[in-house]
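Q: From first to last, the protein sequence lines are chains B and C. Per our numbering, the first sequence runs over residues 1 to 343. Per our numbering, the second sequence runs over residues 344 to 962. Backbone N, C-alpha and C define an ideal beta-carbon position, used for all residues, glycine too. Since the model is a prediction, treat every value here as computed from it, not as a measurement. Sharing a structure with you now.
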Amino acid sequence: MPETPLKLTLKDFKSDQEVRWCPGCGDYAILAAVQAFMPELNIPRERIVFISGIGCSSRFPYYMNTYGMHSIHGRAPAIATGLSISRPDLSVWVVTGDGDALSIGGNHLIHVLRRNVNLKILLFNNRIYGLTKGQYSPTSELGKVTKSTPVGSADSPFNPLSLALGADATFVARTLDTDRRHLQSVLRAAADHNGSAFIEIYQNCNIFNDGAFDPLKEPETRDDYLIRLEHGEPITFGADRQWCVVHPPGAFGLEVQRTAETPADHILVHDATVPEPAYAFALSRLPDLDLRHTPIGVFRKVDRPSYDDLVRGQIESAQSKLTGTPEEELAGLLNSGDTWSIA
Amino acid sequence: MAKDMAKKVQQLDQVVIRFAGDSGDGMQLTGDRFTSETAQLGNDISTLPNFPAEIRAPAGTLPGVSSFQIHFADTDILTPGDAPDVLVAMNPAALKANLSELPGGAQVIVNTDEFSRRNLARVGYPDNPLEDGTLDGYVVHPVALTSMTLGALAELDISKKDAERAKNMFALGMLSWLYSRPYESTIAFLERKFAKRPDLVAANIAAFKAGWNFGETTEDFAVRYEVKPARMPAGSYRNVTGNTALALGIVAARVRSGRPVVLGAYPITPASDILHELSKHKRFGVTTVQAEDEIAAVGVALGASYGGALGVTSTSGPGVALKGETISLAVALELPLVVIDVQRAGPSTGMPTKTEQADLNMALFGRHGEAPVAVIAPKSPVDCFYAALEAARIALTYRTPVLLLSDGYIANGSEPWLLPDVDELPDLRVEFATAPNGADGTTFLPYLRDPVTLARPWAIPGTPGLEHRIGGLEKADQTGDISYDPTNHDFMVRTRAARIEAIEVPDVEVEDPDGDAAVLVLGWGSTYGPIGAAVRALRQRGLPIAQAHLRHLNPFPGNLGAVLKRYEKVVIPEMNLGQLAHVIRGRYLVDAISYNQVRGLPFTAVELESMLEEVVKNA
Ligand code: SF4
Chain B
1 MPETPLKLTL KDFKSDQEVR WCPGCGDYAI LAAVQAFMPE LNIPRERIVF
51 ISGIGCSSRF PYYMNTYGMH SIHGRAPAIA TGLSISRPDL SVWVVTGDGD
101 ALSIGGNHLI HVLRRNVNLK ILLFNNRIYG LTKGQYSPTS ELGKVTKSTP
151 VGSADSPFNP LSLALGADAT FVARTLDTDR RHLQSVLRAA ADHNGSAFIE
201 IYQNCNIFND GAFDPLKEPE TRDDYLIRLE HGEPITFGAD RQWCVVHPPG
251 AFGLEVQRTA ETPADHILVH DATVPEPAYA FALSRLPDLD LRHTPIGVFR
301 KVDRPSYDDL VRGQIESAQS KLTGTPEEEL AGLLNSGDTW SIA
Chain C
344 MAKDMAKKVQ QLDQVVIRFA GDSGDGMQLT GDRFTSETAQ LGNDISTLPN
394 FPAEIRAPAG TLPGVSSFQI HFADTDILTP GDAPDVLVAM NPAALKANLS
444 ELPGGAQVIV NTDEFSRRNL ARVGYPDNPL EDGTLDGYVV HPVALTSMTL
494 GALAELDISK KDAERAKNMF ALGMLSWLYS RPYESTIAFL ERKFAKRPDL
544 VAANIAAFKA GWNFGETTED FAVRYEVKPA RMPAGSYRNV TGNTALALGI
594 VAARVRSGRP VVLGAYPITP ASDILHELSK HKRFGVTTVQ AEDEIAAVGV
644 ALGASYGGAL GVTSTSGPGV ALKGETISLA VALELPLVVI DVQRAGPSTG
694 MPTKTEQADL NMALFGRHGE APVAVIAPKS PVDCFYAALE AARIALTYRT
744 PVLLLSDGYI ANGSEPWLLP DVDELPDLRV EFATAPNGAD GTTFLPYLRD
794 PVTLARPWAI PGTPGLEHRI GGLEKADQTG DISYDPTNHD FMVRTRAARI
844 EAIEVPDVEV EDPDGDAAVL VLGWGSTYGP IGAAVRALRQ RGLPIAQAHL
894 RHLNPFPGNL GAVLKRYEKV VIPEMNLGQL AHVIRGRYLV DAISYNQVRG
944 LPFTAVELES MLEEVVKNA
């Protein structure tokens, strides 16, 4: 990263392409927040790459004035892996959706996370298939009535954060499309992380699943529904912080209790660096079906060597033993083993 | 070892030996060592291993039989031989599995210790074939191989199991004596292989020497054979399998292009050895990723190519099927990509360890939309090295996926390789785009093409001023912006086809020594050996025939149409149901005769010779 600030602005990151999401789509807010955040990275535009799969969200790279690839359904993590491990000088971002990342590309997602490839993964979760016009997705609620499930879906949904944690992701966060400050704070933390950073962004699809996350946004409900995680702070929420999260002795999971009735030292203090994924996993299981008690923020941020560093380390250590030119080394390799000469 | 006693020495010009035993008997190693000794002696060689798909089929059963065939001669040879002159059978299963391929008069060396009632029953021999006349017409050498090995090692302090396992070295020693092979390389090899177990070094060397001495003293072997060195071009040689040669070709492409190589691969028979080999060559700047699946493997390769590396993926047919969508993306992105398909018998899982060349249709046509790619095929184990370089050349120069069609036969087969001078390998350097290419001097047009190669600029991330977006959606000519314009799509589809047609490939060479042949036999890929051997045999008998072999299957060599029209009849033998023939007929309107065999085995020279003889005589 250059020492001197590059003096880039939001405008530098806007491409000349007309943005073509439906008016009112949550993707606009995310795009604006990301574009506005980019100058903070202080990385020249040419060293930033956005790679996406297929779906509404995956149009994202076209609108960023960086390098970008709109690839194929579900495969962005694999393609980005090839780029990231061979080009450590780049900042590589993956933009994906709930169908792209969790259905057709589920295998790549979990493997990229377990390897800890140095990618920043933004999963726009709108709990619906938008681009194909309204089928249920792997994050849609059980019983969801859609075009392909007229009497309700029989599929239980994935909890994307639980899945990521199960794959041993080193950085796991959740944020909201409409909360620009929070979204950017999560991007900042992700950008700082060496290894895979997985961010679930709740995104409103106002055409096929409008209002899916309203309880987290509406003034009447949001205070009681949304839990803002702050590293090092006790987990309390509500307009008057009247709710808190505790880990009852002997219980497997976490519970919400009234702050007033809970001794202060029983209230969980959020620590994203807990090595055991079980803690972040328990946090990811807090929300009820109606989104009540949904934590947002950074759930987990732990250090583990990135795949990129390990792979390149092996290459560099092998290369440090080189003595000849590449041509000489090649000649040596070809002439190795049992050779014989004919005069 | 004891000095040669006065046994008769007989000169042979060529021999085919097949070592066969249980998969736990070390037959591949035995074959490898015999090959190495033979190479040292200077014979020309061609080998073919044949192993079971099961890692450890139950001992002593037919599915557990593993074999290794070597053909060596004092002239240059093209195939591992149609049928063995000598079969070494380490147990009844090995005898039973191979006997049907043994011509009358062949020598059979059997390990009699394994011919117990129980072992015979296990493979369905009601009586002992060594005694019941089954082997009438063969020259049988019964050898108590196991007990003699145990006897030779009795003095050594090793377990009975380890001692027994050395019996393959007894067999090797015996055969090395019988064919007058130099054994120094084997002794050195054993010292290397078991460096950490001096007791095993001693045991294996003792077993080898015991086998050698047995050959020398037994009255059963009245004659000892010699095969004089072949007259081969001067230079330094090594023996190499197709898969190893292919991997080395990729390393050479890395060195000659200056581009780092990223191989994405998922283990699959018979291609995994390419991954294994390349994973050893990190010092060259070759990165290997064992991906979570075939799709990720090609994705990793494509992502690396996007970043300026040479992306390579190696697999077999089922893997290519899975990679299809990503290959189509690479067609749209117009980025370099090398896809190696070591073909095996299909469809579905088919016969993974058996060879076939039935993926040509898939390589040429197996993608959605109009998605042409370059297709090339090596003709022999050694040629895999040069085919890999050629695949890299086309991919890098023309920014296109290249499908390289090897197959199980040449992948596992081996032959001597006259090692090339590295400086004479093709120069594969390419240039990246560094500056805007628009007429105004400031815009960058990612789909503006080189007028000759029709390749678009390779503008890799990290290049200031050239930021651009690419993707699978149809692109407007030059700008690369998303476009649904009908005329533009028609233009881009035709341009992508023209791009492949614009690839410069050498003319196909026709071998027609008599100049008066009426029949041309046209092949591609691994059939080169057996076709060549058949053609030679016919010419020796005074029957004229022309031979041409295709390395480039898309685009075809420019002179192919004219060559085909020169001959009255064109015969195309393939290990499929006529895939090349179909294309040739469609493209050149030539009434080619398609000759097919899909038994999971290479053609034999004999069968091709008799088929071609018919055609030549009726022409
Ligand atoms: S369909 Fe939904 S997700 Fe897609 S662009 Fe429209 S509003 Fe956004």
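How would you list, in chain order, the residues of chain C whose beta-carbon sits under 9 Å from the beta-carbon of B:Lys-11?
A: Correct list: empty, because the minimum Cβ distance to chain C is about 14 Å.
Q: Under 8 Å between C-beta atoms, does C:Tyr-609 make it to chain B?
A: Not one chain B Cβ lies under 8 Å of C:Tyr-609.
Q: In whole angstroms, give me the CA-to-CA distance for C:Tyr-522 and C:Ala-514.
A: Roughly 12 Å separates the two Cα atoms.
Q: When we look at the beta-carbon of B:Ala-343 and count the other beta-carbons within 10 Å, is it buried (16 or more) or exposed?
A: Result: exposed.
Q: Given this structure, state the Cα-to-Cα distance separating C:Ala-586 from C:Ala-701, to the nearest angstrom.
A: Before going further, note that residue 586 of chain C is Asn rather than Ala in the sequence given. Each residue's alpha carbon lies about 19 Å from the other.
Q: For B:Lys-133, return the contacting residues in chain C, with the cut-off set at a CB-CB distance below 9 Å.
A: Within 9 Å Cβ-Cβ: nothing; B:Lys-133 doesn't reach chain C, min ~18 Å.
Q: Helix, strand or coil for B:Gln-413, going by three-state DSSP, please let me know.
A: This structure does not reach residue 413 of chain B, given that chain B is present from 1 up to 343, and the question cannot be answered.
Q: Let me confirm a value: C:Glu-713 is counted as buried when at least 16 other C-beta atoms fall within 10 Å, else exposed. Which label applies?
A: That one is exposed.
Q: Buried or exposed: C:Thr-777, going by 16 or more other Cβ atoms within 10 Å of its Cβ?
A: So C:Thr-777 ends up on the exposed side.
Q: Is any heavy atom in ligand 1 found nearer than 7 Å to the beta carbon of B:Gly-208?
A: Just to set this straight, residue 208 of chain B is Phe in the shown sequence, not Gly. B:Phe-208: yes, Cβ under 7 Å from ligand 1.
Q: Given this structure, state the Cα-to-Cα distance separating B:Arg-222 from C:Pro-661, to the nearest angstrom.
A: Each residue's alpha carbon lies about 51 Å from the other.
Q: Nearest to C:Ala-464 by CA position, among C:Ser-622, C:Thr-743, C:Val-914 and C:Thr-404, is which residue?
A: With distances taken between Cα atoms, C:Ala-464 lies closest to C:Thr-404.
Q: Determine, using beta carbons only, whether B:Val-49 comes closer than 8 Å to chain C.
A: Interface residue, yes.
Q: C:Val-598 versus chain B: which residues are under 7 Å apart at the beta carbon?
A: Within chain B, the residues near C:Val-598 are Pro-326, Glu-327 and Leu-330.
Q: Look at the alpha carbon of C:Arg-942 and the alpha carbon of C:Leu-865, and state the distance between them as a whole number of angstroms.
A: Cα to Cα, the separation comes out at about 20 Å.
Q: Do C:Gly-592 and C:Tyr-729 count as a contact pair if the criterion is CB distance below 8 Å?
A: Contact flag set, yes.
Q: Kindly examine ligand 1 and report whether one of its heavy atoms sits closer than 7 Å to the Cβ of B:Trp-21.
A: B:Trp-21 Cβ: within cutoff of ligand 1.
Q: What do you reckon, are the CB atoms on C:Pro-829 and C:Thr-870 nearer than 8 Å?
A: No, the Cβ-Cβ distance between C:Pro-829 and C:Thr-870 is not below 8 Å.
Q: May I have the straight-line CA-CA distance separating C:Val-745 from C:Leu-739, to the nearest angstrom?
A: Spanning the two alpha carbons is a distance of roughly 10 Å.
Q: In chain C, what lies closer than 9 Å to B:Lys-321 by C-beta?
A: The answer, in chain order, is Arg-626.
Q: Comparing the CB of C:Cys-727 with every heavy atom of ligand 3, is any distance shorter than 7 Å?
A: Ligand 3 is absent from the structure shown, which contains only ligand 1.
Q: On the CB-based measure, 16 or more other CB atoms within 10 Å of its CB, does C:Gln-883 come out buried or exposed?
A: The residue in question, C:Gln-883, is exposed, as its Cβ has fewer than 16 Cβ neighbours within 10 Å.
Q: By the DSSP assignment, the alpha helix (DSSP H) with C:Gly-554 in it spans what residues?
A: Start and end: 541-560.
Q: Beta carbons nearer than 8 Å to chain C: which residues of the region 136-155 of chain B have them?
A: Of all residues in the region 136-155 of chain B, none has a Cβ within less than 8 Å of some Cβ in chain C.
Q: Please name the residue, chosen from C:Ile-420, C:Thr-418 and C:Ala-363, that lies closest to C:Val-408 on a Cα-to-Cα basis.
A: The residue with the shortest Cα to Cα distance from C:Val-408 is C:Ala-363.
Q: Mind checking whether the beta-carbon of B:Leu-131 lies closer than 7 Å to any heavy atom of ligand 1?
A: Yes, the beta carbon of B:Leu-131 sits closer than 7 Å to at least one heavy atom of ligand 1.
Q: How about C:Thr-779 and C:Gly-751: are their beta carbons less than 8 Å apart?
A: At residue 779 of chain C the sequence reads Pro, which differs from the Thr that was named. No; because the gap between Cβ atoms is not below 8 Å, this pair is not in contact.
Q: In the region 739-800 of chain C, which residue ranges form an unbroken beta strand (DSSP E) of at least 3 residues, counting only runs that do not cross its ends?
A: Qualifying beta strand (DSSP E) stretches, in chain order: 744-750 and 757-761.
Q: What's the C-alpha gap between C:Glu-457 and C:Leu-771?
A: For C:Glu-457 and C:Leu-771, the distance between alpha carbons rounds to 56 Å.
Q: Taking all protein chains shown into account, decide if C:Asp-793 is buried (16 or more other Cβ within 10 angstroms of its Cβ) or exposed.
A: C:Asp-793 comes out exposed.
Q: Given B:Ala-78, which residues of its chain have a CB within under 6 Å of its CB, disregarding the five upstream and five downstream residues?
A: Around B:Ala-78: His-108.
Q: Closer than 8 Å, Cβ to Cβ, to anything on chain C: give me those residues from the region 178-195 of chain B, in chain order.
A: Of all residues in the region 178-195 of chain B, none has a Cβ within less than 8 Å of some Cβ in chain C.
Q: Would you verify that the beta carbon of C:Val-716 is, or is not, closer than 8 Å to some beta carbon of chain B?
A: For C:Val-716, the answer is no, since every Cβ of chain B falls outside 8 Å of its Cβ.
Q: Between C:Thr-743 and chain B, is there a C-beta pair that is closer than 8 Å?
A: Closer than 8 Å: no.
Q: Would C:Thr-561 be called buried (16 or more neighbouring beta carbons within 10 Å of its own) or exposed?
A: It counts as exposed.
Q: Among C:Ile-420, C:Asp-684, C:Asn-471 and C:Asp-417, which residue has its Cα nearest to the Cα of C:Ala-436?
A: If we check each option's Cα against that of C:Ala-436, C:Asn-471 comes out closest.
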